[in-house]
Structures are given as structure tokens and as C-alpha cells.
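Student: Sequential numbering from 0 applies to the sequence shown in numbering that gives the first Met the number 0.
Heads up, the beta-carbon is just placed ideally off N, CA and C, and yes, glycines get one too.
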Amino acid sequence: MSKKYYITTPIYYPSSNFHIGHCYCTVLADIIARYKRLRGYDVFFMTGTDEHGQKIERKAKEANLTPKEYVDRIVEDTKDLWNRLGIKYDKYIRTTDKEHIECVKKIFEILYKKGDIYKAEYEGLYCTPCESFWTESQLVDGKCPDCHRDVELVKEESYFFRLSKYQDRLLKYYEEHPEFLEPLSRKHELINNFFNKGLSDICVSRTTIDWGIEVPFDKKHTIYVWIDALANYISGLGYLSDNDEFMKKYWPADLHLVGKEIFRFHAMIWPALLMALDLPLPKKIYGHGWLVVDGAKISKSFGNYKDPRIYIKETSVDTVRYYLAKEVVFGQDGNFSEELFIQKSNADLSNDLGNLVSRVTAMVEKYNSGVIKNSDEEEDYDNDLINLACKTAKIVEEKMDDLKINEAVSSIMALVSKANKYIDLSTPWILAKDKNKQKRLDKVLYNLVECIRIVSILLQPVMVEVPQKIFEQIGIKDENLKSWDSAKEFGLLKVGTKVTKAANLFPRVEVKKEINNMQEENKKVEEKQENEEKQETKVNEKGYITIDELGKVDLRVAQIINIERVEKADKLYKLTIDLGNETRTIVSGLVPFYKEEELLNKQIVVVANLKPAKLRGIMSEGMLLAAGETDVVKLLVLDNNNGKIENGTKIH
Ligand code: MSP
């Protein structure tokens, strides 16, 4: 039976403006997932969106949409981006999924019953963009220490989670499981910044935010988004549901890959929640670094927005994935600029890898009519190449298992360099001129194509299109020769295989021209985003309501079936109306405008779901629609020209 591997990314706040930095975590998680699949693991890779909370509530309002309408639109965008990046997830979880909501409610209830969640008064500071609570002493220059934006004072009745109770257990766990939190520097930072001061209980509900999962036993509270969000890692497996097979199969997670700024939620709150639920802890939580531009975090508000779609379009999905995997030291911050991106793409991919494949396939075609041959004509230096080719898979495995992703990719590229040097050493174009050297030429070309086969296998976690293209070019159809383990053996390539030369897999790009191109495209995207935002604000200023909001008003046809004057009230009639399956009373100020006989039997329009209110001691159960306010008031009456419509009919 194959071993399981459960890997997650954070669930993202929905946004249609994901920049290249956002893609880092998901691309890297996909690379790890693909690697594990190739190694024969039964992988479950989950990603998704974190859709509740004040931030979304506000953004939806700005866009004049309900929160659900707002997130629905964006989720499609996100999935499209992941698709373009070749992300192959096994599940996409949304915190608005019914199953997730049910699970979170149950978790909250369990912890409340256990006494790990209790009710008290909260007074503190809240950063909405980060959905984080802070104390005064944690602020930097009065601003949120994470995003440097303003915080708001929050004072409300709240539920609290007893995080303090788990402080010692957490520390002990960290100590006994040194591999649990990585990189180590982040673990030390966490202990210094939070544990050394002592953990406080955390606020886990809000009464001022509607867009969230309600506390099942106290409906005026919604559950704090971070509790809601963290639970995705188990709700997505069916925890506490009738269908918890995946929970049994895949939990505990093998790897939660998260960005450094959200490491503390995962390393501290999440394990404490799991301890409270008596569940085993994930095997590893890894806090990766950020993609930065000149040292600054990529962000639209810093004016350095980098649209991933542009880089994919101008180069290829594999170029982008390769850059993210190789040029960022895993665990640390990594630089991104158009210049670096193009330089690396030209140097590593066009010159080294692309050139190797196109040169070698061209030579096999030219000198051996595209057919793979072999011979015994060896030279000592062949062994250097063959030894490295046989070793590389093992090196890659060690590095990947150790999460040294960039080093793993570098070791594949070292084999590419070695093969290019081998061409220079063996000079096939000179061998081809001498009939007596044909056997040596056959050997050289065999070794080179075999190296390319191995490189291609090893690149499969990182690249999603190119390895298959290479297999086609070097004529490999047999799946056994594409398997991971076959990369450990040199000489599996069959004599007689037909090779076809194709264009360079990574066409070289002209640096200056392409930089301008990419920067201009980014500007256009930024402008478009700004215009859209302005448009949304304009729409909002006009005071429009959404179709959903309109749908809340229950307008119905009703017939006035009885009329009485209200005692001691000059203007009020007490009307009895027929709403189809019920009769109701409505008090209305129509006396100055209509005689009783003018109203009787008229079919009118009423707001049927208006909260009942007492007027002069009479309960008025709805409101009729009329135009005008003071001098002239005209009742909205249905014309009965073409026959009468049934009382109670809904008006759309
Ligand atoms: N919704 C929370 C996560 C909840 S998980 C239970 C969240 N979402 S996010 O959309 O703000 O961030 C998603 C991921 O993108 C985080 O891991 C974050 O670190 C990552 N990145 C955002 N900008 C980034 C870079 N510039 N570079 C690398 N990763 C970055 O936090």
C-alpha cells in the first residue's frame, strides 16, 4: 500500500488582484505534491479560499454586492489563475461550503462544552486587512505590526479560546518534535515574541461582523475568521461529518506550507486547537519567505503590482514555475524583477536546457537520420557524465525531502550544464566528419539523449509542459522510461528510438524589449484595476441596491376587504386586506385622500414582510404602497382590465 501525503497551502482571501508573490506558495506546494506523486505517494493536495470576515464584508459593500456574490465572482478568477499555473489540487475548499460551516460550528460547540471556549468582554485593537487582534504594546508606531495599517478599537462581548492553557504543552511539543516548525529561525522568533511574554487567551467571536459563521448557541456572535479558516485543514477531510473517510486516511497533515506572516497562527493557535480537540498535530508547518521587489513586499498599495498572467503569457508557465522554485531560497525572501526573471530564463532555460535539447536532437537528426544508436567506444570522461546522471535523482530526492527545493532544482540544472560541457569535450561535429569515428559519435549522442531523458523525468515536479514535449522529441513513449525510478538508471534508452528535432523549448527573449513590454502590461493592469475600483465607488455613491437586497422586500398583491376609521385619529383607516392565504390588518393614513367606498375591493401593492408595528394601539402588519406625501397621495392600484390577478401574488 502506498504511503499517504497530505499537503496544504493557506486558503487565500479572495481577490482578483493576485500578484506573482501570491502564486509562490501554491506553485511550491504543487511542486512538492507532484514530486510526492512521482515517488508513489497517495497525495492529497488541498487549497482554497478564506471567504468570511470584515474585510470581505467591506469590499463587497464597496462593490455593491452581497459578500457571497462578491466571493463567487473571485473564486472563479482564482481557479483560473491556478489552472494557468498548472496547479493540480485534489480539493478546492471554500469556507462558504456547507460542510465547512457545519464542521466549524461543531468544533466551536465542542470546545465550549469542554470549557476551552468561554464568554467575556473584549477590549482591544483589531487590524481588518490582517483580521488580527493586537495589544497596544504590540503595535509599531501605533499601526499594525504586520501590514503597517491603522487598527481599530474594538469593545464587545466575545467568546475566548483558552490559548494560555496550552502554552506549556505547545512548548514541550516543539521541543520534543524539532522537525515540527521550520525553518528554525521562525520557530525561535515565535517563541521570543509570543511565548516569552506568556500566551493570552484569544478572542474568537465578534458581534459587529455579520459575514461569518454564527456561533451555534449564541447567534449574535460570528466566529473569528482565523478559527473558521484554520479549521479548513480538517473540515476539508470531512472531520465531524458522516463522511470522514479522508480524515481517517489523510490526517495528520504532512505539511502545511504557509507564508511567514501567518506562521504564528499555524504554529501556535492551530496546534492548540487541535490539542483541545484531542487530534494529532500536523507533521510539519513550514513558513516560507516572501517574494519581494527591491526588498519591499509586493503589493498593489506599494505601487509594485506584478501580474502573474503577464509573465506566463510573455514566457511560459514553466518559466514562471522554474523561477519561483529555483531563484528563491526556500524559507527566505527572494527577489523578483522583470530583469532578473528574463535574465534567468534566458540563461538557464534558453541557453542551457533549451539549447541542450535542440542541439542534441538536431545532431541525431543530422548525423544519424534521427535514430538512436549505441556502441562500445567509450572515453574516460564519459563516466563523469554518467556518474552524475545516475546520482542526480538521489540528490534531488534528498533535497526535496529536506524541503531544499531550490537546491533540488539546481542539482538538475547541474546535470544540464555537465551535458553541455560534454558536447564541447566530445565535439560530435568533428566526429561526424570522420567515418572511422562513427561508433564514437553514436556513443556520444546516446549518452546525451539518455541524459536528456533523465533531466526530463526529474524536471516533472517543476515543469508541467516541457518534460512531455522533450519525451516526444526524443521519442520516448514507454511509461517505464518516464518513471521516477528509471531516472536512477543510465542506459535504459532503446537503440532504434526515433528522435525529432523541434524548435527551442524556451525561445530567447530580448531583455530590454521584454522588460518594457512586461512593465507596460503591468501598468495597464494597474490602471484597469483602478478604473474598476473607481467605477465601483461611483456605483456605490449613487446609492444603488443589489438585486439580492431588493429580493429581501416581499411585495405582494392584496385586496382591501374591509375598512374602518381609527378612533380619535383624523387620518387613519384600519384596513383589512386579503393576502391570498391570510388576512391582515394595515393601518394607513389615507383618510384625507380616499373615501371608504373608493378603497373597498381595490387590489393594491403591499410590503408583506415589514416588521409589524403598533399604531394607535392597533398592530399594523405590513405597508401599502402609495405615491406622494402631503397634499396629494395616490394609492398604487392594480388595473383589472384583463381580468383579476390572485391575491397574494408575488411582485417581481
Ligand atoms: N486567509 C489567510 C490564510 C488562512 S490559512 C488558514 C491569508 N490569506 S492571503 O491571501 O493573505 O495570503 C495567502 C498566502 O499568500 C499567504 O501564505 C501569504 O504569505 C502568501 N503571500 C502573499 N504575498 C506574498 C508574497 N509577496 N510572497 C510570497 N507569499 C506571499 O493569509
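Can you tell which of Glu-156, Ser-136, Ser-163 has its C-alpha closest to the C-alpha of Val-150?
Tutor: When each option's Cα is compared against that of Val-150, the closest is Ser-136.
Student: What are the start and end residues of each continuous beta strand (DSSP E) run of 3 or more residues lying completely inside the region 216-271, in chain order?
Tutor: 217-222, 254-258, all fully within the region 216-271.
Student: Just the C-alpha distance for Val-454 and Asp-29, rounded to the nearest angstrom, thanks.
Tutor: Rounded to whole angstroms, Val-454 to Asp-29 spans 19 Å at the Cα level.
Student: Say whether the region 305-315 touches the region 268-275, bearing in mind that this needs 3 or more beta-carbon pairs closer than 8 Å, one atom from each stretch.
Tutor: Not touching, per the Cβ criterion.
Student: Is Lys-601 buried or exposed, if buried means 16 or more other CB atoms sit within 10 Å of its CB?
Tutor: With 16 or more other Cβ atoms within 10 Å, it is buried.
Student: Could you check where the beta strand (DSSP E) with Asn-561 kicks off and where it finishes?
Tutor: It spans 554-564 - the beta strand (DSSP E) in which Asn-561 sits, taken as one unbroken run.
Student: Arg-555 and Ile-650: beta carbons closer than 8 Å?
Tutor: Contact flag set, yes.
Student: By DSSP's criteria, Ser-619 is part of a beta bridge. Which residues make up the other side?
Tutor: Ala-612.
Student: Name the DSSP beta bridge partners of Arg-93, please?
Tutor: Arg-93 pairs with Thr-48.
Student: Identify whether Arg-308 lies in helix, strand or coil by the three-state DSSP scheme.
Tutor: Helix, per DSSP.
Student: Judging by CA-CA distance, which residue of Gln-342, Lys-442, Asp-332 is the nearest neighbour of Asp-375?
Tutor: For the residues Gln-342, Lys-442, Asp-332, the minimum Cα distance to Asp-375 belongs to Lys-442.
Student: Using the C-alpha atoms, what's the distance from Ser-482 back to Glu-364?
Tutor: Rounded to the nearest angstrom, the two C-alpha atoms are 26 Å apart.
Student: Here's the rule: buried if 16 or more other CB atoms are within 10 angstroms of the residue's CB, otherwise exposed. What is Arg-168?
Tutor: That one is exposed.
Student: Taking 7 Å as the line, does the beta carbon of Gly-616 fall inside it for any heavy atom of the ligand MSP?
Tutor: The answer is no for Gly-616.
Student: Count the other C-beta atoms from every protein chain shown that fall within 10 angstroms of the C-beta of Ile-429, then say buried if there are 16 or more, exposed otherwise.
Tutor: When all chains shown are included, Ile-429 counts as exposed.
Student: Rounded to a whole number of angstroms, what is the C-alpha to C-alpha distance between Val-415 and Glu-337?
Tutor: So the alpha carbons of these two residues sit roughly 24 Å apart.
Student: Can you tell me whether Asp-423 is buried or exposed, with buried defined as 16 or more other CB within 10 angstroms of its CB?
Tutor: So Asp-423 ends up on the exposed side.
Student: Could you please give the first and the last residue of the uninterrupted beta strand (DSSP E) stretch that includes Thr-584?
Tutor: Segment 582-587, the beta strand (DSSP E) holding Thr-584.
Student: Would DSSP call Arg-57 helix, strand or coil?
Tutor: Residue state, collapsed to three classes: helix.
Student: Check each candidate in Pro-611, Asn-580, Gly-579, Glu-597 and name the one with the smallest Cα separation from Val-586.
Tutor: Closest option to Val-586, Cα to Cα, is Pro-611.
Student: Do the CB positions of Tyr-88 and Met-45 come within less than 8 Å of each other?
Tutor: Result yes, Cβ atoms of Tyr-88 and Met-45 sit closer than 8 Å.
Student: Could you pull the start and end residues of the alpha helix (DSSP H) that Glu-120 belongs to?
Tutor: First-last for Glu-120: 116-126, but that is the beta strand (DSSP E), not the alpha helix (DSSP H).
Student: Is His-21 a contact residue of the ligand MSP, with contact defined as CB to any heavy atom under 7 Å?
Tutor: Because some heavy atom of the ligand MSP lies under 7 Å away, the Cβ of His-21 counts as near it: yes.
Student: Put His-147 into one of helix, strand or coil per three-state DSSP.
Tutor: If DSSP states are grouped into helix, strand and coil, His-147 belongs with coil.
Student: Does the Cβ of Pro-279 have 16 or more other Cβ atoms within 10 Å, making it buried, or fewer, making it exposed?
Tutor: By the 10 Å Cβ count, Pro-279 comes out exposed.
Student: Could you check if Asn-231 belongs to the surroundings of the ligand MSP, using beta carbon to heavy atom distance under 7 Å?
Tutor: Flag set: Cβ of Asn-231 near the ligand MSP.
Student: Buried or exposed, going by whether 16 or more other CB atoms sit within 10 Å of the CB of Tyr-380?
Tutor: Counting Cβ neighbours within 10 Å, Tyr-380 comes out exposed, since fewer than 16 surround it.
Student: In or out: His-176 buried (at least 16 other Cβ within 10 Å) or exposed?
Tutor: Classification of His-176: exposed, given that the 10 Å Cβ count is below 16.
Student: Contact between the region 377-397 and the region 468-475 is defined here as three or more beta-carbon pairs at a separation below 8 Å; is this criterion met?
Tutor: Judged by Cβ distances under 8 Å, the region 377-397 makes no contact with the region 468-475, as fewer than three pairs qualify.
Student: Comparing alpha-carbon positions, which option in Met-362, Ile-208, Pro-182 lies nearest Asp-332?
Tutor: Closest by alpha carbon: Pro-182.
Student: Could you check whether the Cβ of Asp-49 sits closer than 7 Å to any heavy atom belonging to the ligand MSP?
Tutor: Yes; taking the cut-off as 7 Å, the Cβ of Asp-49 has a heavy atom of the ligand MSP nearer than that.
Student: Restricting to Cα atoms, I'd like to know which of Leu-491, Leu-352, Asn-367 is closest to Lys-497.
Tutor: Checked all of Leu-491, Leu-352, Asn-367; the closest Cα to Lys-497 is Asn-367.
Student: Short check: CB of Asn-63 to CB of Tyr-304, under 8 Å?
Tutor: Contact: no.
Student: Compute the beta-carbon to beta-carbon distance between Ile-95 and Phe-17, rounded to the nearest angstrom, for a pair I have assumed lies under 8 Å.
Tutor: The sequence shown places Thr at residue 95, not Ile. The Cβ separation is near 19 Å, so there is no contact.
Student: Out of Ile-233, Val-103, Lys-420, which one is the CA nearest neighbour of Leu-447?
Tutor: Comparing Cα positions, the closest option is Lys-420.
Student: Hey, is Lys-296 close to the ligand MSP, as in C-beta under 7 Å from one of its heavy atoms?
Tutor: Yes; taking the cut-off as 7 Å, the Cβ of Lys-296 has a heavy atom of the ligand MSP nearer than that.
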